[in-house]
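Peer 1: Residue numbering for the sequence shown follows our numbering, beginning at 1 and increasing consecutively.
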Amino acid sequence: MRGLLIAGSAEATEATGARVELDAAWALNPRVSIRPERFGALAYHFGNRRLSFLRHPDLVKVAEGLAAADTVADALRAADVDPARWPAFRRALDTLAASDMVVRRETTTDAPSDLDPTESASPPKRSLP
Numbered sequence: 001m002r003g004l005l006i007a008g009s010a011e012a013t014e015a016t017g018a019r020v021e022l023d024a025a026w027a028l029n030p031r032v033s034i035r036p037e038r039f040g041a042l043a044y045h046f047g048n049r050r051l052s053f054l055r056h057p058d059l060v061k062v063a064e065g066l067a068a069a070d071t072v073a074d075a076l077r078a079a080d081v082d083p084a085r086w087p088a089f090r091r092a093l094d095t096l097a098a099s100d101m102v103v104r105r106e107t108t109t110d111a112p113s114d115l116d117p118t119e120s121a122s123p124p125k126r127s128l129p
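1. Could you pull the start and end residues of the beta strand (DSSP E) that Glu-37 belongs to?
2. Any idea if Asn-48 is buried or exposed, counting beta-carbon neighbours within 10 angstroms, 16 or more meaning buried?
3. Does any residue of chain B bring its CB to less than 8 angstroms from the CB of Ala-79?
4. Which one of Ala-24, Leu-42, Thr-95 has the shortest CA to CA distance from Ala-68?
5. Take Tyr-44 and list the residues in its own chain whose beta-carbon comes closer than 6 angstroms to its own, dropping the five residues that flank it on each side.
6. Are the CB atoms of Leu-22 and Ala-73 nearer to each other than 8 angstroms?
7. Since Pro-36 and Val-62 are thought to touch, with beta carbons under 8 angstroms apart, how far apart are those beta carbons, to the nearest angstrom?
8. Helix, strand or coil: how does DSSP classify Val-102 here?
9. Which two residues bound the contiguous beta strand (DSSP E) that contains Leu-42?
10. Can you tell me which of the three DSSP states Leu-22 falls into?
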C-alpha cells in the first residue's frame, strides 16, 4: 500500500518523540484546517505554517474523528478502517503528531479533579427558615 501521508519522515517522528498510542486520546490541533481534495485532503497548520497532504480519504475520516473518539483505536473503528491497515495509519498519525497537526488531549480520567475525594459532589443542602 502506498503511503497515507506526505510530510516529514520517520526520523522527524523519532526526533520529536511524538508517538501516537492506540489507547490514548488525540485530536486534530485546533490551529489546523483541513481542505478536502480528490486524493484525500490538505492539512494546514496556522501556527507553524506547515502543510501536510493526507493521501487517503480514510485518513481524513480518522483525523477528523479523533476528537469525538475516546481513543485512536475507537476513531479507526468509527472510520471502518480494517485492523490490518492500522499500522500504516499509526505511522501517518505519528508523522502528523511530529508536525503538531494532531495533539494528545486529556480525557476525564486524565484531568485533575478539583473536588476533595472526602467531599460530596453535590452542593450542601440548606434548610428553609
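By construction, the Cβ of each residue, glycine as well, lies at the ideal position given by its N, Cα and C atoms.
Peer 2: Taking the definition as stated:
1. From DSSP, the beta strand (DSSP E) with Glu-37 extends over 32-37.
2. The residue is exposed, with fewer than 16 neighbouring Cβ atoms inside 10 Å.
3. Judged by its chain identifiers, the structure shown contains no chain B, having just a single protein chain.
4. With distances taken between Cα atoms, Ala-68 lies closest to Ala-24.
5. The residues are Ser-33, Leu-51.
6. Yes, these two residues count as a Cβ contact at 8 angstroms.
7. About 14 angstroms separates the Cβ atoms of Pro-36 and Val-62, ruling out a contact at the 8 angstroms cut-off.
8. Under the three-state reduction of DSSP output, Val-102 falls in the strand class.
9. For Leu-42, the enclosing beta strand (DSSP E) stretches over residues 40-45.
10. DSSP, read as helix, strand or coil, puts Leu-22 in coil.
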